[in-house]
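A.B. asks: Below are the structure tokens for one structure; questions will follow.
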Amino acid sequence: MNSSSRQRRLTAAALTALAVATTATACGSGSGGSGANAADSGTYTIWDPYPQFDKGSAWAKLLDSCGTEAGVKIKRTAFDTSDLSNKALLAAQQDNSADVLIVDNPVVSTLAEAGVLTTTDDNKLDTSKVDPNLLAAGQSDAKTYGTPIGANTLALYYNKEVLKEAGVDIASVKDWKSLTAALQKVKKAGKKGVTFSAIGTEEGSFQFLPWFWGSGAKLTELDSAQGVSALSLWKDWLDKGYAPNSVINNTQTTSWQEFASGDYAFAENGTWQLANAEKAGFDYGVLPIPGADGGNASAPTGGEFVTVPVQGDTGRYATSQKLVTCLTSTDNLYDTDTTLSYVAPTSEVQDKQVAANAELKPWVDAVKAAKGRTSDELGTKYPKISEQMWKAVQSALSGSTSPKDALSAAQSAVK
Amino acid sequence: MSHTTEVPHRRPTPGHSGAGPTTPPRARRRPGSQQFAAWAFLAPVTLYLVLFYAYPLYRNIDLSLRNYTVRSFVQGDAPFTGVENYRTVFDDPTFAPALLHTVVFTAVCLVFQYVIGLALAVFFNQHFRLSATLRALFLVPWLLPLIVSASTWSWMLNSESGVVNALLGAVGVDQVNWLTSPSWSLTSVIIANIWIGVPFNLVVLYSGLQSVPAALYEAAALDGAGAWRRFWSITFPLLRPVSAITLLLGLVYTLKVFDIIWIMTKGGPADSSTTFATWSYQLGFGNLVPAFGPGAAVGNLLVVAALVFGLVYVRVQRKQALS
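Going down the list, the sequences are from chains A and B.
If you're matching positions, the first sequence starts at 0 in numbering that gives the first Met the number 0 and goes up one per residue.
If you're matching positions, the second sequence starts at 0 in numbering that gives the first Met the number 0 and goes up one per residue.
Next comes the structure, spelled out in structure tokens:
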């Protein structure tokens with residue numbers, strides 16, 4: 000009796016162990032196959048980088064209503080933007096991708112290179128209405144890997160009160176020289192000049208690009224004389240105290256907080272801060288970022304793409320296509336881009352946005368002039384270039400090397 | 000990801016059904032059953048170790064020996080390239096500074112954490128009024144989530160609007176760019192990490208002090224030994240076993256410090272506060288196109304370093320057990 004119960008426990012333990020081992024092997028071979036989509040063919044998964052929207056938000060409701068329209072249930076998961084590309088790669092490795100994936104636009108070419116995304120040939124998405132300069136960020140080798148849900152870009156916000164106090168006429172700010180002269184006046188008046196984000200991440204490159212492109216430099220040659228002049232401009236502002244030293248560690252959010260304090264004349268920031276600008280409590284204006292010798296510099300496009308990842312079961316694409324089409328239909332785009340504070344990717348919706356809110360006009364213009372970071376057939380080369388670029392910006396601004404040396408080192412590291 | 004979700008889910012099932020087929024084994028009883036029992040009891044812990052320690056470690060080594068691109072990562076057909084990733088890492092201009100920063104960071108943090116922790120432990124050992132309350136207050140850095148304390152430090156050390164520069168400004172010191180100047184960033188993260196590590200040293204050393212017999216101090220006092228003499232001749236030598244363990248654990252913890260540095264400086268500016276831990280993360284996750292291979296290689300170097308000190312720890316412990 001005693002021994003039999005011991006025996007029973009033993010067998011149970013052994014079987015448990017065996018079962019665990021089997022499970023382990025199943026996992027190890029990476030062919031789990033269950034999870035995101037296999038659970039129920041009537042449930043479609045959507046991954047997005049908007050954790051700020053909870054279940055009750057307009058965005059979540061829109062997803063559900065699009066699901067109902069397509070006759071399926073939606074399971075939505077929101078990730079932090081910086082997490083999403085790795086999560087998407089891991090999911091693809093486990094053959095467990097979401098049905099619809101909404102990702103930051105410079106990530107699209109990387110995921111496409113990894114073979115994670117379907118092309119518009121496969122998923123039958125209609126991208127004909129989208130502005131070509133925005134769509135370019137999702138194209139490589141003449142193939143399109145998704146459609147933008149909205150776009151944003153950078154411009155200069157300015158504080159009208161500070162400029163008035165310093166005696167600066169904003170109409171005089173047309174190029175780098177006049178901008179620097181304005182900053183000098185602001186500093187003399189005892190106020191602070193300009194704030195931006197030069198942090199050592201993609202955000203830093205994103206903020207530097209309008210100046211880099213505005214100088215006439217190209218991403219394929221970081222250490223050109225024009226490129227050096229752009230970095231020298233920033234470095235000069237820091238040295239003369241026109242820009243605070245904290246920009247080296249500023250994210251775009253902390254940079255905005257500095258501007259919102261009301262002490263700064265200018266801030267380089269994006270469309271998404273418009274709602275906060277209304278709350279800042281001072282009169283503000285928006286100015287496209289000037290090029291070195293006048294005109295408007297191209298700013299990089301921000302914003303996400305709606306993509307359809309590759310599935311083992313290709314029959315799912317038809318429904319996924321319906322979902323994406325619903326999400327990017329004219330009416331829904333208008334609502335979504337209003338919630339996100341984005342500029343719409345199609346002229347039709349842009350006109351509607353400007354009609355509803357005239358203040359969006361400079362932003363729509365800026366978006367039309369903007370350029371995708373992975374455009375010019377850079378694709379997956381962009382991330383490498385960008386990393387070296389933000390490192391060079393950090394080295395130069397922190398004073399560890401000169402702008403010229405920093406960019407030469409960056410260029411040789413890219414090769 | 001699938002490990003953690005699937006294993007607990009499936010494990011109970013065979014436990015229930017296992018009650019059924021108990022009869023057959025009884026017929027096959029053999030003298031070896033005792034050994035079988037031993038193995039069966041060992042199995043759960045072995046499996047646990049294999050699943051959660053050996054397999055991830057194996058994967059990490061495998062990652063570091065293959066040339067992974069995003070495409071081959073997804074399709075799992077990365078070519079084996081031997082020590083190529085390690086060579087890339089050693090040749091990287093970041094390697095030497097990262098090594099130096101890791102050594103300096105670990106050594107300086109350890110020394111200060113230990114000295115301050117020991118001083119506080121001796122201080123609180125006096126059992127004055129409110130000593131328990133104060134000691135509890137000293138634990139706060141340990142109890143706070145790292146993201147909270149690191150963000151707070153980075154606000155306090157902000158060049159323009161930080162409270163530290165405001166205080167320094169009040170006494171006439173010029174603005175110090177704590178987080179944004181290459182010559183200060185490492186110092187800043189070291190200061191923050193010392194602050195976080197002191198409570199651990201305090202707690203362990205304080206409990207070590209409780210085991211020093213009070214009679215020794217009385218005897219020494221009768222013999223006319225002063226406070227300083229009593230510390231060096233009684234407290235310090237008797238605390239040696241505890242000190243060794245504190246330092247060795249601290250070393251392993253400090254070697255892999257990541258959060259504080261990443262939140263405060265991202266390892267910059269210009270790699271001036273990059274350690275192996277942040278570098279490994281930067282390579283693997285800090286870019287739009289991850290370099291998994293070199294990232295894993297740096298991670299493995301850290302594992303080896305921690306392992307070396309772990310072995311030292313085991314040896315020291317064994318020596319103590321013998322003596």
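Just so you know, even glycine gets a beta-carbon here, dropped at the ideal spot from N, CA and C.
(1) Could you tell me which residues DSSP puts in a beta bridge with Asn85/A?
(2) Quick check on the burial criterion: 16 or more other C-beta atoms within 10 angstroms. Buried or exposed for Glu386/A?
(3) Can you give the beta carbon distance from Asn275/A to Gln251/A, rounded, assuming they're within the 8 Å contact cut?
(4) State the CB to CB distance for the pair Gly213/A and Ala229/A, rounded to an integer number of angstroms; the pair is presumed to be in contact (CB under 8 Å).
(5) Which residues in the same chain have their Cβ closer than 6 Å to the Cβ of Ala405/A, if we skip the five residues on either side of it in sequence?
(6) Assign Gly31/A to one of two classes, buried (16 or more other C-beta atoms within 10 Å of its C-beta) or exposed (fewer than that).
(7) Would you tell me roughly how many angstroms separate the C-alpha atoms of Ala408/A and Ala197/A, rounded to the nearest one?
(8) Taking C-alpha atoms, which residue in Val311/B, Ser271/B, Phe199/B lies nearest to Gly398/A?
(9) How would you list, in chain order, the residues of chain A whose beta-carbon sits under 7 Å from the beta-carbon of Phe257/B?
(10) Are the CB atoms of Lys190/A and Gly166/A nearer to each other than 8 Å?
(11) Quick check: is the beta carbon of Glu386/A nearer than 8 Å to any beta carbon in chain B?
(12) Kindly list, in the order they appear in chain B, the residues whose Cβ is closer than 7 Å to that of Pro105/A.
(13) By the 10 Å Cβ neighbour count, where 16 or more other Cβ atoms means buried, how is Asn104/A classified, buried or exposed?
(14) Any beta carbon of chain B sitting closer than 8 Å to that of Glu164/A?
(15) If Asn122/A and Asn176/B are in contact, beta carbons under 8 Å, what's the gap, nearest whole angstrom?
(16) Distance cutoff 8 Å, beta carbons only. Does Leu406/A sit that close to anything in chain B?
(17) Let me see if you follow: with CB-CB separation under 8 Å, is Ala26/B close to chain A or not?
(18) Is the beta carbon of Gly145/A sitting closer than 8 Å to the one on Val342/A?
(19) Note down, in chain order, every chain B residue with its Cβ under 8 Å from the Cβ of Ser399/A.
(20) Grab me the residues of Ser329/B's own chain with a C-beta within less than 7 Å of its C-beta, minus the 5 sequence neighbours each way, in chain order.
(21) Give me the chain B residues within the contact set of Thr109/A, using Cβ-Cβ distance strictly less than 7 Å, ordered along the chain.
(22) Assuming contact is defined by CB atoms lying nearer than 8 Å, are Ile247/A and Thr179/B in contact in what I supplied?
(23) Mark Gln281/B as exposed unless 16 or more other C-beta atoms lie within 10 angstroms of its C-beta, in which case mark it buried.
(24) On the CB-based measure, 16 or more other CB atoms within 10 Å of its CB, does Trp236/A come out buried or exposed?
(25) Confirm, please, whether the CB-CB distance from Leu61/A to Phe72/B is below 8 Å.
(26) Within 8 Å (strictly less), CB to CB, does Thr87/B reach chain A?
(27) Determine the direct distance from the alpha carbon of Ser139/A to that of Glu376/A, and round the result to whole angstroms.
(28) Is the beta carbon of Ser108/A sitting closer than 8 Å to the one on Thr379/A?
(29) Out of Val363/A, Asp174/A, Leu100/A, which has the shortest C-alpha to C-alpha gap to Glu347/A?
(30) Using a cut-off of 9 Å between C-beta atoms, extract the partners of Gly114/A located in chain B.
(31) Going by DSSP, name the residue or residues bridged to Thr42/A.
(32) What is the rounded straight-line gap between the Cα of Val110/B and the Cα of Phe137/B?
(33) Taking Ala201/B as the reference, give the member of Arg228/B, Arg134/B, Tyr57/B with the closest Cα.
(34) Just how far apart, CA to CA, sit Cys108/B and Phe89/B?
(35) Give a yes or no on whether the C-beta atoms belonging to Tyr156/A and Phe281/A are separated by under 8 Å.
(36) Note the first and the last residue of the continuous beta strand (DSSP E) segment covering Glu303/A.
C.D. replies: Walking through what the data contain:
(1) Asn85/A pairs with nothing; no bridge assigned.
(2) buried
(3) Contact doesn't hold; Cβ gap of about 11 Å is too wide.
(4) 7 Å
(5) Ala391, Ser394, Ala395
(6) Low confidence applies here, because Gly31/A scores a pLDDT of 35, under 50, leaving its location unreliable; read the following figure in that light. Label assigned to Gly31/A: buried.
(7) 18 Å
(8) Ser271/B
(9) Per Cβ cutoff of 7 Å: no residues; Phe257/B is ~15 Å from chain A at best.
(10) no
(11) yes
(12) Leu287
(13) Looking at its Cβ environment, which holds 16 or more other Cβ atoms inside 10 Å, Asn104/A is buried.
(14) no
(15) Asn122/A to Asn176/B, Cβ: 50 Å. No contact.
(16) no
(17) Low per-residue confidence applies at Ala26/B: pLDDT is 49, beneath 50, and the placement is therefore not dependable, though the value from the model is reported in the following sentence. Between Ala26/B and chain A, the shortest Cβ-Cβ separation is not below 8 Å.
(18) no
(19) Here the neighbours are Pro181, Pro268, Ala269, Ser271.
(20) Residue 329/B cannot be examined here, being either before or after the span of chain B that is shown, 0 to 322.
(21) Val69, Leu287, Val288
(22) yes
(23) buried
(24) buried
(25) no
(26) no
(27) 6 Å
(28) Yes; because the gap between Cβ atoms is below 8 Å, this pair is in contact.
(29) Val363/A
(30) Val69, Arg70, Val73, Gln74
(31) Lys72/A
(32) 18 Å
(33) It is Leu, not Ala, that sits at residue 201/B in the sequence shown. Among Arg228/B, Arg134/B, Tyr57/B, the Cα nearest to that of Leu201/B is on Arg134/B.
(34) Cys108/B and Phe89/B have their C-alpha atoms spaced approximately 25 Å apart.
(35) Between Tyr156/A and Phe281/A, the CB-CB gap reaches or exceeds 8 Å.
(36) 303 to 306
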